[in-house]
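So the structure is just underneath, and the comments pick up after that.
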Amino acid sequence: MNPYILAILLFGLGLGTTITFASSHWLLAWMGLEMNTLAIIPLMAQHHHPRAVEATTKYFLTQAAAAATLLFASVTNAWLTGQWEIQQITHPLPSTMITLALALKIGLAPLHAWLPEVLQGLDLTTGLILSTWQKLAPFALILQLQPSNSTLLIILGLTSTLIGGWGGLNQTQLRKILAYSSIAHLGWMILILQFSPSITLLTLLTYLIMTFSTFLVFKLNKSTNINTLATSWAKAPAMTALTPLILLSLGGLPPLTGFMPKWLILQELTKQGLAPTATLAALSALLSLYFYLHLSYAMTLTISPNNLTGSTPWRLPSTQLTYPLATSTAMTICLLPLTPAISALLTS
Numbered sequence: 001m002n003p004y005i006l007a008i009l010l011f012g013l014g015l016g017t018t019i020t021f022a023s024s025h026w027l028l029a030w031m032g033l034e035m036n037t038l039a040i041i042p043l044m045a046q047h048h049h050p051r052a053v054e055a056t057t058k059y060f061l062t063q064a065a066a067a068a069t070l071l072f073a074s075v076t077n078a079w080l081t082g083q084w085e086i087q088q089i090t091h092p093l094p095s096t097m098i099t100l101a102l103a104l105k106i107g108l109a110p111l112h113a114w115l116p117e118v119l120q121g122l123d124l125t126t127g128l129i130l131s132t133w134q135k136l137a138p139f140a141l142i143l144q145l146q147p148s149n150s151t152l153l154i155i156l157g158l159t160s161t162l163i164g165g166w167g168g169l170n171q172t173q174l175r176k177i178l179a180y181s182s183i184a185h186l187g188w189m190i191l192i193l194q195f196s197p198s199i200t201l202l203t204l205l206t207y208l209i210m211t212f213s214t215f216l217v218f219k220l221n222k223s224t225n226i227n228t229l230a231t232s233w234a235k236a237p238a239m240t241a242l243t244p245l246i247l248l249s250l251g252g253l254p255p256l257t258g259f260m261p262k263w264l265i266l267q268e269l270t271k272q273g274l275a276p277t278a279t280l281a282a283l284s285a286l287l288s289l290y291f292y293l294h295l296s297y298a299m300t301l302t303i304s305p306n307n308l309t310g311s312t313p314w315r316l317p318s319t320q321l322t323y324p325l326a327t328s329t330a331m332t333i334c335l336l337p338l339t340p341a342i343s344a345l346l347t348s
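Going by UniProt numbering, the first residue of the sequence shown is number 1, and it counts up by one from there.
Structure, rendered in structure tokens:
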């Protein structure tokens, strides 16, 4: 892609998200979301592969449907209450509709079906943007909205954690596994949203760091399915040794960074008298942990069936920058001891 066009599209992505962040009016927020969608579509379709075009079409249709629902709900709210302010959603009907529209935008279960299919059709770089940056603008709106329908949020959160864990169990494609991982993590964030927005933000931040690391590892390996992971020991032994820690951090095992948000969320849910919800969420995390363990096993404890014995792949120097991966990997593995400091910062 022409670098000038790429720069314009990335600028459009940034501007769309910034407009949504800065808006207090529903029309402006909707406009930012639309800019975001229109800026990423050429990036998704840039390879002209039938799967990429199909993924782009599916993404466009779902995002357009969500944006139309959002606009309809905000107009309905203005008609019923005379308010266009984002924080002035008082009527339950537009509030529920907007929550569901934003859930469709970020891919929360049961409105998740488009996400694994779309992610599977993209290359890893665009997939990374879709899994991280594209979640920020709708999340900013959900945080401002603080929906009055708390039962809806808990149902969306629990369904997402369960489906995110269940859906990834039988997958062999890494991008689909990462899509289900994303659904499960979003479920945890939505579950705690109404009780502690600061913990939701912390969970989102750790999710972004861990997903960034995972995508970069797969990109460095040029891996798109589980079998190709098994060749990584010959290309980058040190990275192959660290990758299980990144994956287990995504799964939420102590003493890794990923344990911090899960621990705080379960603690807060129990404080709010929702012990059954916390138990169900913790059990659903075991489902996700299984497929992270599966990936770790495939990467470190198996030898690829594709290679003849003794013919290791050439260790060609990679063209990819490794500083971002090194930084994000260190953060993915080592931040748990800073939990008290981070909690103090968030609550202050």
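Beta carbons are placed, not taken as given, at the ideal position from N, Cα and C, and that holds for glycine.
Asked                                                                                                                   : Found
Closer than 8 Å to chain D by CB, Lys262                                                                                : Chain labels in this structure do not include chain D; a single protein chain is all it has.
contact_flag[the stretch 166-183, the stretch 106-124] where n(CB pairs < 8 Å) is 3 or more                             : yes
Cutoff 7 Å; reference Asp123; Cβ partners in own chain excluding five residues on either side                           : His47
Gln46 (DSSP reduced to helix, strand or coil)                                                                           : coil
Test item: CB-CB of Leu145 and Thr81 under 8 Å                                                                          : no
Pro261 classed as buried or exposed, judged by whether at least 16 other C-beta atoms fall within 10 angstroms          : buried
Gln267 versus Thr151 - alpha carbon distance                                                                            : 19 Å
Trp133 - containing alpha helix (DSSP H), residue span                                                                  : Trp133 to Leu145
Residues of its chain near Ser213, where Cβ-Cβ distance is below 6 Å and the 5 sequence neighbours each way are ignored : Ile246, Ser328, Thr329 and Thr332
Proximity to Ile303 [Cα-Cα], best of Pro244, Ser232, Pro255 and Pro50                                                   : Ser232
Euclidean distance between Cα positions of Gln134 and Thr18                                                             : 12 Å
Beta-carbon proximity check, Trp188 vs Ile265, cutoff 8 Å                                                               : yes
Inter-stretch contact at 8 Å, needing at least 3 Cβ pairs: the stretch 67-75 / the stretch 24-38                        : yes
Under 8 Å between C-beta atoms of Leu220 and Leu325                                                                     : yes
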